[in-house]
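Residue numbers (this note's numbering), protein chains in the order written: chain A, 7 to 470; chain B, 7 to 470; chain C, 7 to 470. Have a look at the structure below, then the notes.
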Amino acid sequence: MPDNVLILAGGQGKRMKVKSPKVLCEVLGIPMLQWVINSCEKSGLSNICVVKGYEAEQIDAFLGDKYVTALQKERLGTGHAVMQAAEFLNSNKDGNTLVLCGDAPFVDTETITSALAFHNGNKNSVTVVTSEISNPTGYGRIIRNNNGISAIVEQKDANSEQLLVNEVNSGCFWFKTQDLIDILFDIKSDNSQGEYYLTDCITLLIEKGKRADAFKSLNPVISLGANDRKGLLHLNDIAREAVIDVHLENGVEFTCLDGVVISPEVSIGVGTKIQQGVTLRGKTVIGENCNIGPNCIIENTKIGNNVVLNNVQSYDAVLENNISIGPFVQLRPNTHILDGVKIGDFVEIKNSTIGKNTAVAHLTYVGDSDVGANVNFGCGAVTANHNGECKFRTEICDNAFIGCNTNLVAPVKIGKSAYTAAGSTITKDVPDGALAIERGTVSIKDGFATNRLAARNEKFSKLK
Amino acid sequence: MPDNVLILAGGQGKRMKVKSPKVLCEVLGIPMLQWVINSCEKSGLSNICVVKGYEAEQIDAFLGDKYVTALQKERLGTGHAVMQAAEFLNSNKDGNTLVLCGDAPFVDTETITSALAFHNGNKNSVTVVTSEISNPTGYGRIIRNNNGISAIVEQKDANSEQLLVNEVNSGCFWFKTQDLIDILFDIKSDNSQGEYYLTDCITLLIEKGKRADAFKSLNPVISLGANDRKGLLHLNDIAREAVIDVHLENGVEFTCLDGVVISPEVSIGVGTKIQQGVTLRGKTVIGENCNIGPNCIIENTKIGNNVVLNNVQSYDAVLENNISIGPFVQLRPNTHILDGVKIGDFVEIKNSTIGKNTAVAHLTYVGDSDVGANVNFGCGAVTANHNGECKFRTEICDNAFIGCNTNLVAPVKIGKSAYTAAGSTITKDVPDGALAIERGTVSIKDGFATNRLAARNEKFSKLK
Amino acid sequence: MPDNVLILAGGQGKRMKVKSPKVLCEVLGIPMLQWVINSCEKSGLSNICVVKGYEAEQIDAFLGDKYVTALQKERLGTGHAVMQAAEFLNSNKDGNTLVLCGDAPFVDTETITSALAFHNGNKNSVTVVTSEISNPTGYGRIIRNNNGISAIVEQKDANSEQLLVNEVNSGCFWFKTQDLIDILFDIKSDNSQGEYYLTDCITLLIEKGKRADAFKSLNPVISLGANDRKGLLHLNDIAREAVIDVHLENGVEFTCLDGVVISPEVSIGVGTKIQQGVTLRGKTVIGENCNIGPNCIIENTKIGNNVVLNNVQSYDAVLENNISIGPFVQLRPNTHILDGVKIGDFVEIKNSTIGKNTAVAHLTYVGDSDVGANVNFGCGAVTANHNGECKFRTEICDNAFIGCNTNLVAPVKIGKSAYTAAGSTITKDVPDGALAIERGTVSIKDGFATNRLAARNEKFSKLK
């Protein structure tokens with residue numbers, strides 16, 4: 007059996023002033039709890055139990071059935087939280103257990119795995135992950151001795167010498183699971199707060215002749231959390247900068263970072279330029295030598311090479327290579343755009359394939375459509391895919407030319423190299439190479455404006 | 007009669023390089039003079055006189071007839087400015103007079119009211135509001151003695167000991183009005199600048215046996231003004247951050263502050279998320295748990311709860327609850343959107359009501375219209391509300407379905423559950439439950455493209 | 007003959023991780039090499055030779071045939087680079103030669119011309135341009151003596167006293183051309199790197215009894231370059247701030263600098279306000295008292311006075327005075343907009359003139375058109391300028407009224423004060439003052455929705 011992970015996620019975060027567990031507050035659009043889970047899973051740890059408390063149903067809804075949970079009905083300290091997971095610990099007590107705070111999102115795999123190697127290598131009963139910080143005020147100080155550590159001393163209990171220690175408890179621990187179980191319920195709440203502190207385990211284990219030691223992480227933000235919205239914003243700023251730094255290192259070009267927000271799982275190719283105000287979300291993948299212009303929002307979209315986007319919003323779409331889109335375009339889910347396509351302004355594409363070298367220049371909606379290669383959409387062309395009850399597909403074959411303000415009333419098929427005249431509403435299939443035209447009676451009423459719009463004419467004549 | 011306020015607003019601000027009084031330069035879109043007036047009025051002081059000078063007509067135009075003004079034809083110092091308002095002072099001389107600089111926008115109500123209480127409590131003739139700053143160079147130093155203060159010494163007149171004082175004159179004073187009147191015209195201009203300094207009142211009053219004292223404000227920016235565009239930008243930055251801090255404290259979520267500009271009178275509910283590049287102006291009110299996406303501009307708009315906006319511009323509109331709008335949408339004045347409405351991309355709504363759960367998905371203009379519930383607008387639908395001379399209203403009843411690229415030529419009424427076919431121009435009322443269709447003759451011309459677009463076909467055949 | 011300039015542009019910039027010469031990396035959208043060339047040309051130096059190396063063809067493609075180039079096949083140091091340009095030097099050896107690094111973009115004309123005056127005034131054989139920096143680590147130190155300088159000592163060769171010198175080599179030199187030629191090939195590569203250093207010229211010239219001296223530039227960023235993407239971003243930040251500072255000084259109003267990126271050659275008039283997220287590129291000229299709203303992108307566009315833009319993108323266009331445009335508008339090349347025009351949302355204009363006081367309110371495309379004064383475009387109006395093979399022009403005369411969703415199929419002319427009815431497709435010229443209408447048969451099918459859309463009606467009835 008693999009090692010256990012216990013994530014403490016019971017807290018409320020009152021000063022956030024929302025009715026949700028603090029661990030669901032988001033950093034770069036991802037709940038803090040998910041950051042912690044991701045780091046565990048990337049470290050190869052998948053046997054995870056989440057200790058929930060405040061608004062526990064929200065934790066359940068968020069996790070689905072993917073992870074074990076334990077309920078901490080009252081919140082009586084970190085030791086108490088771990089006690090609630092006793093059943094989880096007992097179900098797999100041969101190895102080690104990693105205890106983590108669900109609201110310290112920046113714990114990293116390097117720290118997790120190195121600390122475990124240190125823990126096992128030194129046959130520790132408990133290994134505290136620590137960090138060295140310039141201002142340790144408020145943190146639990148690590149008291150080292152000749153054989154590991156002797157205690158974690160809280161701020162209020164520390165003497166003047168201990169207060170000078172700047173190696174502090176990160177809130178992350180590796181325990182030998184059986185050792186933890188053995189002393190877990192010996193923790194007492196006879197302190198000023200009336201709480202059960204997990205850090206008391208250190209003393210209890212040492213008293214039983216076990217070894218406790220500390221692993222100092224080089225990650226400077228490992229223990230960083232947030233108590234209020236300002237703190238949460240600070241976490242976002244740190245994460246934002248760290249993600250961008252990785253892309254800069256990889257050869258991505260940024261000209262101005264203002265408003266650039268990139269989720270941690272986004273991938274960007276060498277030589278691609280990301281301009282100001284760009285948001286990249288989810289599992290977006292962008293190829294090489296693209297130019298992602300100001301204010302694009304790209305979510306879960308796969309983009310090839312040499313793609314130029316200008317104020318485009320794209321959701322769950324696929325864009326191949328050598329494509330130019332924008333400004334002011336929305337690509338909605340299940341859009342697939344092939345090589346060489348040009349899309350202009352005020353265009354929406356939804357649940358459609360756009361074939362090679364096709365042009366959709368302006369003010370057009372293409373929905374539920376299969377569009378071939380070299381097609382030209384005139385301005386204002388619309389696929390009328392919805393009749394009020396159902397949606398139907400439109401098929402437009404290679405080289406077709408769709409006239410301006412044409413309505414293609416689905417289901418309908420426009421044949422190869424077929425042509426629709428401007429202003430036509432097409433309700434029946436058009437054969438290959440044919441022109442389809444729907445046109446009313448044209449009449450010219452001479453003098454109309456002179457007679458009927460006298461006031462208007464007068465206004466203009468005065469302007470001159 | 008309430009106490010008086012005298013706001014000095016005569017200066018030019020040459021280095022701003024515009025032809026307007028300096029006090030009309032804006033911070034967060036609000037003229038500095040308005041910031042000062044707002045703080046006075048929130049302190050319960052409404053008997054206000056503004057001393058105008060440079061481009062006085064612009065001050066008049068800005069104030070309307072709401073406040074008394076006095077004209078300072080030549081600008082000969084702060085004392086001279088107050089002299090111009092002698093008539094105003096004489097008209098209400100029983101109480102106190104607050105003198106303020108119109109170009110120091112961050113004076114606050116807490117300081118104004120506490121300073122007045124101190125002024126009255128100590129039976130002062132004059133109370134100088136001061137602040138303590140780390141670098142006092144250039145400011146008038148406050149010289150305290152055993153019984154209040156003895157003088158305000160300007161930088162150039164200060165000895166080495168006085169130069170070390172870092173309590174400085176903020177330019178804000180409470181005077182006993184009668185005492186001020188008594189000595190005002192005794193101020194002399196026999197100094198290097200040939201100006202009449204209001205600070206000379208301190209000495210004159212003390213010489214008459216009156217009491218002068220200083221009230222130290224805790225507001226660190228109380229006396230901050232700007233001499234040039236860079237300084238004005240700095241005031242904007244300070245105000246921007248201060249406003250956002252209040253919302254963070256209130257439980258509003260910000261993920262990236264870049265480009266976020268929020269006017270001071272905007273209200274935002276708990277749990278609402280404000281993304282990068284959002285501008286909130288005027289008296290905008292936003293409810294709880296909304297998500298205001300990147301680059302929205304919201305002005306004087308009332309928004310309910312659970313509203314999601316994505317690159318929306320809204321001016322003088324009302325949005326109820328559970329609404330989703332965007333991207334790329336403009337809501338113009340007198341738009342009222344009811345619960346559950348969904349608006350997609352490239353939509354403009356103007357002077358219209360949109361009923362519950364109605365959908366306006368794309369490329370649509372709804373102007374001067376009364377739209378019922380559950381209506382569906384097809385893509386490209388347009389209310390033709392303007393005939394070149396007049397504007398008319400359109401009425402669309404519950405459950406109606408407006409086909410794609412339909413023109414509704416106002417005045418016109420679409421009945422309940424009525425349906426208009428794609429591409430129709432509707433000039434007459436449509437009964438409840440009916441389908442209205444305007445359609446021309448359809449013809450298919452086989453081989454058209456083959457014959458007429460030979461060059462086009464050839465081009466594409468070469469592409470392959 | 008004028009003096010020579012030799013720009014060293016052979017480097018790769020491996021850590022940028024792109025397959026292009028480092029000097030083509032961009033700062034504010036302009037390749038670093040172009041920054042250097044611009045400063046030379048503004049200094050009156052046009053006899054320029056660029057020493058190319060890595061991906062030399064890209065340098066050729068960038069320069070066109072405007073400048074002489076020399077190829078450095080292997081990259082063996084700065085001295086070696088200059089040797090490759092021996093032919094260029096010999097072709098004009100009477101005057102001086104300025105040697106510059108192509109990847110230090112911030113060299114300025116003031117420094118170039120003052121250093122030359124110093125060089126000539128002191129009859130120097132070589133003048134090193136230097137700068138004084140707080141942390142000189144890594145830079146070549148300038149060793150001054152009683153008669154100019156004695157050497158430039160590299161970091162690794164410097165003794166403890168020399169390491170304290172914080173006047174450093176900027177990489178920019180003025181040489182007496184004949185003197186440079188005389189000793190150029192005496193430079194040896196017998197150093198640890200096996201490279202030919204241009205700085206060795208100093209010693210060689212002094213040995214021949216020539217005078218070497220240093221000119222200290224006051225430009226603090228003269229020698230700043232970038233080795234990786236993070237460094238390049240830093241150069242962008244420096245340039246961005248410097249450009250904005252000049253505009254602030256000129257009386258331009260900025261309310262929030264986030265996302266504001268302005269190219270160095272842009273000109274902006276007094277009293278114009280630039281809001282957050284605005285990008286101004288190329289040779290854009292903006293007049294006085296304009297308001298350029300958030301997120302505009304303006305490229306090579308000439309704008310008059312009192313123009314209000316709101317989320318507009320404009321490329322190679324001309325806008326006269328008193329114009330209001332936006333939000334969500336694109337102006338494409340060869341657009342010319344005359345005084346008093348109002349353009350609303352979702353409008354594209356391309357290769358067209360829009361006459362005085364004309365209104366294009368929403369969802370309209372005007373392409374290849376000549377539009378008169380006082381014209382009104384209804385919503386959804388479209389100029390159908392492209393028939394699949396060719397493009398044609400549309401002419402719309404003064405005071406015309408184009409109905410909603412009208413198609414104007416070019417070539418076509420709409421006469422003065424003519425009127426087109428909503429939904430019409432106009433394929434023939436409309437006489438002055440006439441109404442043109444194309445309308446199909448209208449039919450009302452009672453009960454359609456009741457019968458055909460039963461499921462829809464049922465859904466809504468349940469909603470209530």
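The beta-carbon is built from N, C-alpha and C at its ideal position, and this holds for glycine as well.
Closer than 8 Å to the CB of Q281/B there is not a single CB belonging to chain C. For E255/C, the three-state secondary structure derived from DSSP is helix. With a threshold of 16 other beta carbon atoms within 10 Å, G127/B falls short and is exposed. Using a Cβ-Cβ cut-off of 7 Å, T389/A is close to nothing in chain C; its nearest Cβ partner there is about 16 Å away.
For F334/C, there is no enclosing beta strand (DSSP E), since its DSSP letter is neither H nor E. Under the Cβ distance rule, K451/A counts among the residues neighbouring chain C, one pair being separated by less than 8 Å. For the pair S223/B and V135/B, the Cα-to-Cα distance works out to about 7 Å. As computed with DSSP, Y371/A is found in a beta bridge with E354/A, V388/A. If you draw a straight line from the Cα of Q184/C to the Cα of L204/C, it is about 15 Å long. Taking C-beta atoms under 8 Å as the contact rule, A232/B and L238/B qualify, at a distance of about 4 Å.
Put simply, the backbone Cα of W180/A is about 21 Å away from that of E201/A. The DSSP assignment places 53–58, 74–77 as complete runs of the beta strand (DSSP E) inside the region 13–87 of chain A, in order along the chain (cut-off: 3 residues).
As for any alpha helix (DSSP H) of minimum length 4 sitting wholly inside the region 426–470 of chain B, the runs are 454–458, 460–469, ordered along the chain. Judged by pairs of C-beta atoms under 8 Å, the region 349–365 of chain A does not touch the region 336–344 of chain B, as fewer than three such pairs exist. Residue environment analysis places T143/C among the exposed positions, since fewer than 16 neighbouring C-beta atoms fall within 10 angstroms of its C-beta. When N382/B, V105/B, I148/B, D206/B are compared, the shortest CA-CA separation from A220/B is found for I148/B. Under a criterion of Cβ atoms nearer than 7 Å, the residues of chain A adjacent to M22/C are, in order, G257. Per DSSP, the beta-bridge partners of T103/C are N10/C, F181/C. Linking S140/B to N242/B through their CA atoms gives a straight-line distance of about 21 Å.
Residues C207, L210, L211, K214 of the same chain have their beta carbon placed closer than 8 Å to that of I189/A, with the five preceding and five following residues left out of the count. Taking 9 Å as the cut-off between beta carbons, the residues of the region 413–427 of chain B near chain A are Y425, A427, in sequence order.
Chain A places no beta carbon closer than 8 Å to that of G101/C, leaving this residue out of the contacts. When the beta-carbon positions are compared, S26/B and Q64/B come within less than 8 Å of each other. Rounded to whole angstroms, the separation of the alpha carbons of P8/B and I250/C is 47 Å. Take the alpha-carbon of V377/A and the one of V335/A: they are about 18 Å apart. Between the region 444–453 of chain B and the region 435–446 of chain A there are three or more inter-stretch CB-CB distances shorter than 8 Å, so the stretches are counted as touching.
Taking C-beta atoms under 8 Å as the contact rule, A424/C and P437/C qualify, at a distance of about 7 Å. Ranked by Cα distance from R338/A, the options E173/A, S320/A, G346/A, D351/A are led by S320/A. Judged by beta-carbon spacing, G283/B lies within the 8 Å limit of P300/C, meaning their Cβ atoms are closer than that value. Counting C-beta atoms within 10 angstroms of its own C-beta, N411/A has 16 or more neighbours from the protein chains shown and is therefore classed as buried.
A distance of 8 Å or more separates the beta carbons of D114/B and M38/B. A buried status is given to E305/A, since no fewer than 16 other beta-carbon atoms sit within 10 Å of its beta-carbon. Runs of beta strand (DSSP E) with 3 or more residues, each lying fully within the region 243–301 of chain A, are found at 285–287, listed in chain order.
For the 8 Å CB-CB criterion, C55/B and L14/B do not form a contact.
Counting every other CB atom within 10 Å of its CB across the protein chains shown gives G50/A a total below 16, marking it as exposed.
The residue from G409/C, N130/C, A455/C, L325/C with its alpha-carbon nearest to that of V381/B is A455/C.
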